[in-house]
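*Asks:* Just passing along the structure, written as structure tokens.
What follows is the structure in structure tokens.
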């Protein structure tokens, strides 16, 4: 029997923790009963593990009653780490020290560790992701860039693999726990059980990745006042021609100095930043209007519709038309 331990803490999201718990209890049990009318036996032992076995509430007041403590959990084949809420604008150093130490010891003992969303931060804190590819919720891209620069963060990916024999499995945004669960079932029990779980829970994977869901941070940095002024100017002038040259002129810097200062301050090259801002504005138009793609392109600063389509696909992983089909307000129904 595969042994799976799910790490819990007050900062965990109950929906992810219990979602993983429920679906990993399924293989061998639900499908025979539903389809064949016969009882089955679970193929996975699932436990909730925490620093204490005393009941506590996780995010939103969801009650948790752990089965065993960290010190007692020493035989898990797979450790699942749900998201652990760390604000994206706060330093993650030192958070969850006890849990991080336990995860490191379990990995050294041969366990596979699988994380969802910000759970990846615990592996980064343990030093297990140095030089490796990793993913988490796309909003943590800056967190990884600022605090774990030796990690190759991939915000577009739903799943990444790292460590010895791919024993570190990282899933992206919050609902990617479903992708992770199906992957783990496939890896350890076989695709037949993953297909059954997918059908039973009516879920599928996010084959398109995270980029269609990602959004650019709208926060304006304040450390570099000159670059701050350029960002503020761009807010109202993103559609004018030659925006990068206009910002450089506004800064008074040489092109090389401007590019260096801009990237240091924002994490973007000037061209990438302009493209990101224009793409975000285009998303809003695609979500809220039925303007033609050509009209959207022109409104955000592209006279060449083909160039707009190329930039949009590069930044979102999908076409403007497909994005509208997925996210237009009409798809979500009227509030009345």
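In this note's numbering, the protein residues as written are 570 to 905.
Yeah, the Cβ is synthetic: ideal placement off N, Cα and C, and Gly gets one too.
Quick caveat: nothing in here was measured; it's all calculated off a predicted structure.
Considering just the uninterrupted stretch of the alpha helix (DSSP H) at residue 895, what are its terminal residues?
*Replies:* 889-896
*Asks:* Taking the alpha-carbon of residue 576 as reference, which of 851, 608, 677 and 685 has the nearest alpha-carbon?
*Replies:* 685
*Asks:* Expressed to the nearest angstrom, what Euclidean distance is found between the alpha-carbon atoms of residue 814 and residue 618?
*Replies:* Rounded to whole angstroms, residue 814 to residue 618 spans 55 Å at the Cα level.
*Asks:* Is residue 632 helix, strand or coil by DSSP?
*Replies:* strand
*Asks:* Note the first and the last residue of the continuous beta strand (DSSP E) segment covering residue 776.
*Replies:* Counting along the chain, residue 776 falls outside any beta strand (DSSP E), and DSSP gives it neither H nor E.
*Asks:* Exposed or buried, which one is residue 833 when buried takes at least 16 other CB atoms within 10 Å?
*Replies:* exposed
*Asks:* For the candidate residues 658, 657 and 673, whose alpha-carbon lies nearest to that of residue 650?
*Replies:* 673
*Asks:* Grouping DSSP H, G and I as helix and E and B as strand, with all else coil, what is residue 702?
*Replies:* It is a strand residue.
*Asks:* Would you call the CB atoms of residue 724 and residue 701 closer than 7 Å?
*Replies:* no
*Asks:* Let me check understanding here. Comparing Cα to Cα, which of 790, 578 and 752 lies closest to residue 518?
*Replies:* The chain is shown from 570 up to 905; residue 518 falls before or after that span and cannot be answered.
*Asks:* Is it a yes or a no for the region 770-782 touching the region 793-807, going by three-plus beta-carbon pairs under 8 Å?
*Replies:* no
*Asks:* Looking only at its own chain, which residues have a Cβ that is under 6 Å from the Cβ of residue 904, when we skip the five neighbours before and after it?
*Replies:* For residue 904, the predicted model reports a pLDDT of 46, less than 50, meaning its position is unreliable and no value from the coordinates is stated.
*Asks:* Tell me the residue span of the beta strand (DSSP E) that contains residue 730.
*Replies:* Segment 728-731, the beta strand (DSSP E) holding residue 730.
*Asks:* According to DSSP, is residue 649 helix, strand or coil?
*Replies:* strand
*Asks:* By DSSP, does residue 581 sit in helix, in strand, or in coil?
*Replies:* In this structure, DSSP gives residue 581 an extended state, which the three-state scheme calls strand.
*Asks:* For residue 892, count neighbouring Cβ atoms within 10 angstroms of its own Cβ and tell me buried if that reaches 16, exposed if not.
*Replies:* buried
*Asks:* Under three-state DSSP, which class holds residue 855?
*Replies:* Residue 855 falls in the helix class under three-state DSSP.
*Asks:* If you follow the alpha helix (DSSP H) that residue 574 is in, where does it begin and where does it stop?
*Replies:* Boundaries around residue 574 are those of the beta strand (DSSP E), 571-576, since no alpha helix (DSSP H) includes it.
*Asks:* Tell me whether the beta-carbon of residue 898 lies closer than 7 Å to the beta-carbon of residue 857.
*Replies:* yes
*Asks:* Using DSSP's beta-bridge definition, name the partner residues of residue 625.
*Replies:* Bridge partners of residue 625: 633.
*Asks:* Would you tell me roughly how many angstroms separate the C-alpha atoms of residue 594 and residue 614, rounded to the nearest one?
*Replies:* Roughly 7 Å between the two C-alpha positions.
*Asks:* Between 570, 600, 756 and 705, which lies nearest to residue 652 when the distance is taken from Cα to Cα?
*Replies:* 705
*Asks:* Could you tell me if residue 581 is buried or exposed, where buried requires 16 or more neighbouring beta carbons within 10 angstroms of its beta carbon?
*Replies:* buried
*Asks:* On the CB-based measure, 16 or more other CB atoms within 10 Å of its CB, does residue 570 come out buried or exposed?
*Replies:* exposed
*Asks:* With 16 as the cutoff for other CB atoms within 10 Å, does residue 714 come out buried or exposed?
*Replies:* It is exposed - the Cβ of residue 714 has fewer than 16 other Cβ atoms within 10 Å.
*Asks:* Alpha carbon to alpha carbon, what distance is there between residue 703 and residue 879?
*Replies:* 26 Å
*Asks:* Using the beta-carbon count (16 or more within 10 Å), is residue 626 buried or exposed?
*Replies:* exposed
*Asks:* Please classify residue 809 as buried or exposed, where buried requires at least 16 other C-beta atoms within 10 Å of its C-beta.
*Replies:* exposed
*Asks:* Beta-carbon separation of residue 746 and residue 589 under 7 Å?
*Replies:* Taking C-beta atoms as the reference points, residue 746 and residue 589 count as a pair closer than 7 Å.
*Asks:* Quick check on this structure: which residue in 632, 668, 758 and 654 has the alpha carbon closest to the alpha carbon of residue 708?
*Replies:* 654
*Asks:* Please state the DSSP three-state secondary structure of residue 822.
*Replies:* If DSSP states are grouped into helix, strand and coil, residue 822 belongs with coil.
*Asks:* Leaving aside the five residues before and after residue 895 along the sequence, list all residues of the same chain whose C-beta is less than 7 Å from its C-beta, in chain order.
*Replies:* 781
*Asks:* Near residue 636, what residues of its chain come up, given a Cβ to Cβ distance below 6 Å and the 5 sequence neighbours on each side ignored?
*Replies:* 616 and 617
*Asks:* Buried or exposed: where does residue 668 fall if 16 or more other Cβ atoms within 10 Å of its Cβ makes it buried?
*Replies:* buried
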